[in-house]
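Chains A, B, C and D supply the protein sequences, listed in that same order.
6 is the number that the working numbering gives to position 6 of the first sequence; each next residue is one higher, with no gaps.
Heads up: take any position in the second sequence, counting from 1, add 1000, and you land on the working numbering.
Heads up: take any position in the third sequence, counting from 1, add 2000, and you land on the working numbering.
Heads up: take any position in the fourth sequence, counting from 1, add 3000, and you land on the working numbering.
Comments concern the structure below.
4 protein chains.
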Amino acid sequence: MSDAIDYAEIIRDYEETPFHIWMGLKVTRADAGGVEVTIPWRDEFYAQKRRVYMHGGVLASVVDLVADLAIAAKIGRALPTIDLRTDYHRANPGTAMRATGDVIKAGRTIVTAEAHVFDMAGNLLASGRGAYLNAR
Amino acid sequence: MSDAIDYAEIIRDYEETPFHIWMGLKVTRADAGGVEVTIPWRDEFYAQKRRVYMHGGVLASVVDLVADLAIAAKIGRALPTIDLRTDYHRANPGTAMRATGDVIKAGRTIVTAEAHVFDMAGNLLASGRGAYLNAR
Amino acid sequence: MSDAIDYAEIIRDYEETPFHIWMGLKVTRADAGGVEVTIPWRDEFYAQKRRVYMHGGVLASVVDLVADLAIAAKIGRALPTIDLRTDYHRANPGTAMRATGDVIKAGRTIVTAEAHVFDMAGNLLASGRGAYLNAR
Amino acid sequence: MSDAIDYAEIIRDYEETPFHIWMGLKVTRADAGGVEVTIPWRDEFYAQKRRVYMHGGVLASVVDLVADLAIAAKIGRALPTIDLRTDYHRANPGTAMRATGDVIKAGRTIVTAEAHVFDMAGNLLASGRGAYLNAR
């Protein structure tokens, strides 16, 4: 049914939610072939008073939102997160991000999706996966 | 060695990091007996254009930061997150939060800590745990 | 409705499943106040040819089963696992185990429960949590 | 340095550990290109007295061991698990399994690896990822 999915509307929904507007998120791809977002650097992303590294919560947020975007691009709507795992691979001194999402399994009740977050040089900063509830 | 921990400095460090300033985080307790933070509502926390529920990334952020604060109050300094799990227990239409953190195990190399996030009426919104790297 | 729960039947079901029989699991407590199991040591639990430490899969299995037992003692039946997280706190050279389980949140659709696994001297070997599907 | 890795010894170590012998595990591939194991069905894998579905602990065990095997094939030795996440995608009425492992990130201190577990018809039964400690 993916031909019935309104990708333009999904992108608009994603870019216009308050949290994503604050982040500066842009959806650079959302179609049957995959999803990708970019997020510019903001100084509010720092996790230390001395401004050394990005906050883990920002990276967890990106994993959650891009995994859910992958679900929206696959089944036509975003789903509520049941739980989320994020792995941190590389501390970074503040950088814009590019992130991709993929559906691992689209079950009738549970959908599992994963995400990879990179800096603009292509280094993997974080990755993770979440379980999402496909109930009506 | 907990009597050597400078709780006032830990609290200052936590409240004055850019991400926590943006969130409006206040540390309401950080001592040998436990840690607690409060975070007021911000409209940027909404996850939908139509402003229905809080973004999962915000709750994951709170789990990460309060678990790490529990570590700081236990061993004297915050640690980098290796990985984080967040469980979402209750969708909510926008609310201030109160969160508590506890160390599950303070190992020589790995420290595991958990967090519980509530609304101001005491309902459990989210909980989770993370592994943190205790390396020098 | 916990007075309607047949704890004796839950215990029988748990002790008589093939995997638990193989493990040697005994339910030492399952009532409204909590659940606890014990599992004797088996040499098949070793993770190395040289028989140094217990296999992580055995500890993950104990986390899963005792978290689910806590659910059964709370709502009257075990549920299928959606996903499971296990944290390993202490390598051990082969030991009997005691494990406790607790329900974190019994939602209408999702139930989250946690488990703590100890050696017989009370050292915490592993802990974790899982999301379980409460669908009919 | 992967040309210095003794794959035959890694395979022998994996197949001859007590837990893997009990499971009946065979390593069908372990080289620079990837790892794969097969595990035949055993009736002890059942999770219910009535023998309906495979135990979640068995699938978590397979995720842990094949992710760690992927690490061994990449860096030359297996590592202790820090923590493990397993997602369950499909209940199954007892089946042999085939599983593949991949390293997500081989960091100096933390190595993250993932696993996918299939039945012999190629259906995805479970998947997951773990953080492993690369300390000496």
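Here a beta-carbon is modelled for each residue, glycine too, at the ideal position from N, C-alpha and C.
| query | result |
| --- | --- |
| What does A/PHE118 pair with, by DSSP beta-bridge criteria? | A/ARG98, A/LEU124 |
| In chain order, what residues of the same chain have a beta carbon less than 6 Å from the beta carbon of A/MET54, not counting five sequence neighbours either side? | PHE45, ASN92 |
| Grouping DSSP H, G and I as helix and E and B as strand, with all else coil, what is A/GLY56? | helix |
| Helix, strand or coil: which one does DSSP assign to D/ARG3012? | helix |
| Assuming B/ARG1090 contacts B/ASN1123 under a Cβ cut-off of 8 Å, what Cβ separation, rounded to an integer in Å, is found between them? | 6 Å |
| Give the straight-line distance between the Cα atoms of B/ALA1032 and B/TRP1041, rounded to the nearest whole angstrom. | 28 Å |
| Check B/ASP1006 in the structure and name its three-state DSSP category. | coil |
| C/ALA2047 versus chain D: which residues are under 7 Å apart at the beta carbon? | THR3017, PHE3019 |
| The alpha helix (DSSP H) spanning A/HIS20 covers which residue range? | 18-23 |
| Could you work out which residues of chain B lie near C/GLY2107, taking near to mean beta carbons separated by less than 9 Å? | HIS1089, ARG1090 |
| Please identify the residue among C/VAL2027, C/ASP2083, C/ILE2075 whose C-alpha is closest to the C-alpha of D/GLY3128. | C/ASP2083 |
| How about C/GLY2024 and D/SER3061: do their beta carbons lie closer than 7 Å? | no |
| Closest to A/ALA106 by C-alpha separation, out of A/ILE71, A/THR81, A/ALA126, would be which residue? | A/ILE71 |
| Does DSSP put D/LEU3079 in a helix, in a strand, or in coil? | coil |
| Using a beta-carbon distance cut-off of less than 8 Å, what residues from the segment 75-89 of chain A approach chain C? | ILE82, ASP83, ARG85 |
| So that I know if they touch, is there some Cβ in chain A lying closer than 7 Å to that of D/MET3001? | At D/MET3001, the pLDDT of 47 sits below 50, so the modelled position is not reliable; the number obtained from the coordinates is stated separately. No, D/MET3001 does not count as interfacial toward chain A. |
| How many Å lie between B/GLY1130 and B/THR1112 at the Cα? | 6 Å |
| Helix, strand or coil for A/ALA47 per DSSP? | coil |
| Return helix, strand or coil for D/ALA3113, following the three-state DSSP convention. | strand |
| Which bits of chain B does A/VAL58 rub up against, with CB to CB less than 9 Å? | PHE1019, GLY1057, SER1061 |
| When DSSP builds the beta bridges, which residues end up paired with B/ASP1087? | A/ASP83, B/SER1127 |
| With 7 Å as the threshold, decide whether the Cβ of B/ALA1131 is near any Cβ in chain D. | yes |
| Determine whether the Cβ of A/GLU9 lies closer than 7 Å to any Cβ atom of chain B. | no |
| So which of A/TYR7, A/VAL37, A/ILE5, A/ARG29 has the shortest CA-CA distance to A/ALA96? | A/VAL37 |
| Provide the residue span of the beta strand (DSSP E) that contains C/ALA2034, from first to last. | This sequence places Gly at residue 2034 of chain C; Ala is not what is there. First-last of the beta strand (DSSP E) with C/GLY2034: 2034-2039. |
| Taking A/ARG29 as part of the beta strand (DSSP E), name the residues at either end of that continuous run. | 26-31 |
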